[in-house]
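Below: the structure, in structure tokens.
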Amino acid sequence: MKEQLEQLLAEAIGQLKAQDTLPDDLPVNIKLDRPRDKSHGDFATNLALMLAKPAKSNPRQLAEAIIEAIPENTLLAKTDIAGPGFINFTISQDQLKDQLSAMFSSDRLNVDVADNSETIVIDYSSPNLAKEMHVGHLRSAIIGDAVSRVSEFLGHKVIRQNHVGDWGTQFGMLLAYMEALDNQSAEYELSNLETFYKAAKQRFDESEEFADRARQLVVKLQSGDEYCLKLWNQFIDVSLSHCQDVYDRLGVKLTRDDVMAESAYNDKLPGVIEHLKEKGLLTEDQGAQCVFLDEFKGKEDEPLPIIVQKKGGGYLYATTDLAAIEYRQKVLGGDHLMYFVDARQSLHFDQIFTLARKAGFVEGDIKLDHYGFGTVMGKDGKPYKSRDGGVTKLADLLDEAERRALELLQQKTTDLTEEEQQRVAEVVGISSVKYADLSKNRTSDYIFDWDHMLTFEGNTAPYLLYAFTRVNSIFYRLGETGFDESADFILDDERELALANQLVRFNEVLVQVQNKAMPHFLCGYLFDLAGRFSSFYEACPILNQEDESLRNSRLKLARLTANVLKQGLDLLGIPTLEKM
């Protein structure tokens, strides 16, 4: 409906230009918003206000001219002008009913497949394999996953890239510690990577002999020594298994096939340096190879370096990222490269994207975007820590979520078996952690609060999961009786109309999520949908409605609500439950 209205407005502007009411060369950006106050209609635009000054026209008079020029159509029931020149549009009920019918009869809820499908390469999660995943890895994994799911649903080809850190000097220390242990001890200690890392670090700090051996192993590893590669592969395999366990529990779609580690680009790094040299972009500074771009200056207007090779010949993140960008466009065929990485890396990515274009590592109109995110904070306003003040392992966090969810369920009256309670606790616990994050603006920090995320009130996973089971329960009670799925929609009650208007926004919201990489838009939409269904359910009898046509219409609205809730939660990576 939004696209149809935009087209009508474009035709109206075209007519006004043809009539010389508007200058023919006047650029026009048609923007439609959803008014918060429903008395202002379904859509509103400030188009007349924006065009009035360059057109040397009165805004209200221009608004009247725009309305007059809108072609005859069946989309709009009412159009009016508010304030200094805002135009409000109310969609006709027939159009609304047509949209509902199309959603009801479609297994995709009538969500459009993108006209210009893109190959989108999405970089997310990307932990350092030297340690187990911790709470700081949560946001990249679940935000990137939600955007990936929505992009796929909208018809784009999505290629996931898990750019794990599996290279560098710290791995010499870990290999030296593996070497010092016998096979059985190494296998036991590797079962807890955090303990293994701390033990290796302690040995490195305390023993100069051990530290020397670690440095030797780094050199051997980087030169392709067979013995070192064997130890390294063993460690990486264990570490990736730890990661996969966490992804599986989180319901994140990443697999081993999506891993494209730092080490995968090792052979390409000398070529990156050579290419930059050929382009005349390299400068030697204190023995290191750097690139200085005019676009990036420090506080005193001094140039900021992008260091691509250290004095000793080693490479850095920048070097690997340039190789990865080239690979993602020229080998994977990416039209849009999306990076879900901590907001604190924004300068790094700005520099890398600018350099990649300038040096020709990417070509054409490829889109390069870093989607930064805020930090998970504790109630003390500092980055979230475990009870002992250390970094919280993600696996431990998920264990705690499931335990708390089970306690919550056991406090309520339920007919669930012990096994069913355990399953529900797993879904509710982990979904609560995910949803608490996804429902916040991606760019903001947020407070990690167990009490808030596990409540059945407000914009939380338990509330939405319960809302779904509540809608579904109508059809359990209906049983095999069924209903006439071909019946017409009836939208006489204001609660029916409000629910219908929310349902038909689903497509629009998904496009917004994909365009902005902001899953919280979908969370807000689903929360509002559940609220509107609740108002509808309380005011409009369904199963005991005597008027059969009205009963069928309301059952169709309920079915459509359940389908949208289920699909929406699935796109957030949250499974629904049949009962709670």
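All residue numbers for the sequence shown refer to full-length UniProt numbering, where the first residue is 1 and numbers rise by one. Ideal placement from N, C-alpha and C gives every residue a C-beta, glycine not left out. For clarity, every value in this text was computed on a predicted model and none was experimentally measured.
Short Cβ contact (7 angstroms threshold) for residue i with residue j
i, j, result
"VAL308", "THR319", "yes"
"LEU96", "ALA401", "no"
"LYS556", "PHE89", "no"
"VAL150", "LEU569", "no"
"LEU454", "ALA425", "no"
"LEU217", "ALA176", "yes"
"SER439", "CYS523", "yes"
"LEU550", "ILE490", "yes"
"ASN162", "VAL259", "yes"
"PRO23", "PRO59", "no"
"LEU560", "LEU503", "yes"
"HIS40", "LYS393", "no"
"GLU6", "ILE30", "yes"
"ILE122", "GLY144", "yes"
"LEU62", "ALA48", "yes"
"ALA211", "GLN170", "no"
"VAL564", "PHE506", "yes"
"ALA359", "LYS268", "no"
"ILE325", "PHE361", "yes"
"ASP369", "ALA261", "no"
For residue i, the first and last residue of its enclosing alpha helix (DSSP H)
i, result
"THR255", "Per DSSP, THR255 belongs to no alpha helix (DSSP H) and is neither H nor E."
"VAL308", "Run containing VAL308: none in the alpha helix (DSSP H); it sits in the beta strand (DSSP E), 303–309."
"GLN502", "494–503"
"CYS243", "226–250"
"PRO59", "59–69"
"GLU538", "520–539"
"ALA517", "No alpha helix (DSSP H) holds ALA517; DSSP gives it neither H nor E."
"ARG213", "208–222"
"ALA18", "2–18"
"PHE456", "Per DSSP, PHE456 belongs to no alpha helix (DSSP H) and is neither H nor E."
"ALA425", "418–438"
"GLN567", "548–571"
"residue 581", "Residue 581 lies beyond the residue range present for the chain, which begins at 1 and ends at 580; the question has no answer from this structure."
For residue i, the first and last residue of its enclosing beta strand (DSSP E)
i, result
"THR45", "43–45"
"TYR339", "336–339"
"GLN411", "Where GLN411 is concerned, there is no enclosing beta strand (DSSP E), given that its DSSP letter is neither H nor E."
"ALA288", "288–297"
"ASP285", "283–285"
Selection from the options that minimises the alpha carbon distance to residue i
i, options, result
"SER125", "LEU569, GLU407 and THR255", "THR255"
"ASP396", "LEU347, ARG495, GLU132 and CYS290", "GLU132"
"GLU508", "ALA498, TYR525 and LEU337", "TYR525"
"residue 620", "GLN502, ALA82, ASP294 and SER241", "For the chain, the structure presents residues 1 to 580; residue 620 sits outside this window and is missing."
"MET338", "ASP415, ASP285 and GLY372", "GLY372"
"LYS311", "ASP301, LYS297, PHE506 and GLN289", "GLN289"
"GLU64", "ASN29, VAL238 and THR21", "THR21"
"residue 591", "LYS17, PRO519, GLU496 and MET377", "Outside the shown range of the chain, which is 1 to 580, sits residue 591, and nothing can be said about it."
"SER101", "ASN192, SER223, VAL28 and SER553", "SER553"
"GLN329", "ALA55, CYS540, ILE159 and ALA52", "ILE159"
"VAL219", "ASP301, SER207, LYS279 and GLY313", "GLY313"
"LEU250", "VAL428, ALA562 and ALA498", "VAL428"
"THR119", "SER148, VAL135, LEU129 and GLY144", "SER148"
"HIS156", "PHE171, ASP123, HIS137 and ALA114", "ALA114"
"THR469", "ALA558, THR375 and ARG505", "ALA558"
"MET377", "TYR537, ALA261, ILE352 and TRP450", "TRP450"
"GLU548", "GLU485, LEU465, LYS56 and LEU571", "GLU485"
"ILE91", "ASP205, ASP42 and ALA48", "ASP42"
"LEU174", "TRP232, ASP369, LEU154 and SER185", "TRP232"
"SER191", "LEU181, SER239 and THR169", "SER239"
"GLU295", "GLY381, LEU355, PHE506 and ILE574", "LEU355"
"PHE527", "THR460, LEU304, LEU16 and LEU543", "THR460"
"LEU529", "VAL252, ALA343, TYR463 and GLU152", "TYR463"
CB-CB length for residue i against residue j, believed under 8 angstroms
i, j, result
"THR74", "ILE87", "THR74 to ILE87, Cβ: 19 angstroms. No contact."
"ASP306", "ASP335", "The residue asked about is misnamed: residue 306 is Ile in this sequence, not Asp. About 25 angstroms; that fails the 8 angstroms criterion."
"ILE142", "LYS434", "5 angstroms"
"GLY374", "SER444", "5 angstroms"
"ALA562", "ASN472", "6 angstroms"
"MET1", "GLN99", "6 angstroms"
"LYS379", "ILE273", "About 47 angstroms; that fails the 8 angstroms criterion."
"LEU154", "PRO71", "Not confirmed; about 29 angstroms, so no contact."
"VAL341", "SER117", "VAL341 to SER117, Cβ: 25 angstroms. No contact."
"ALA214", "GLY168", "Wrong, their Cβ atoms sit about 12 angstroms apart, outside the cutoff."
* Asked: Which ranges would you report for the beta strand (DSSP E) in the region 82–144 if only whole runs of at least 3 residues count?
  -> You should have 86–91 and 119–123.
* **alpha helix (DSSP H) segments (min. 4 residues) lying fully within the region 313–394** => Segments of the alpha helix (DSSP H) lying fully in the region 313–394: 317–330 and 346–359.
* To do: Entirely within the region 155–201 and at least 3 residues each: give me those beta strand (DSSP E) ranges in chain order.
  => List check, beta strand (DSSP E) in window: 157–161.
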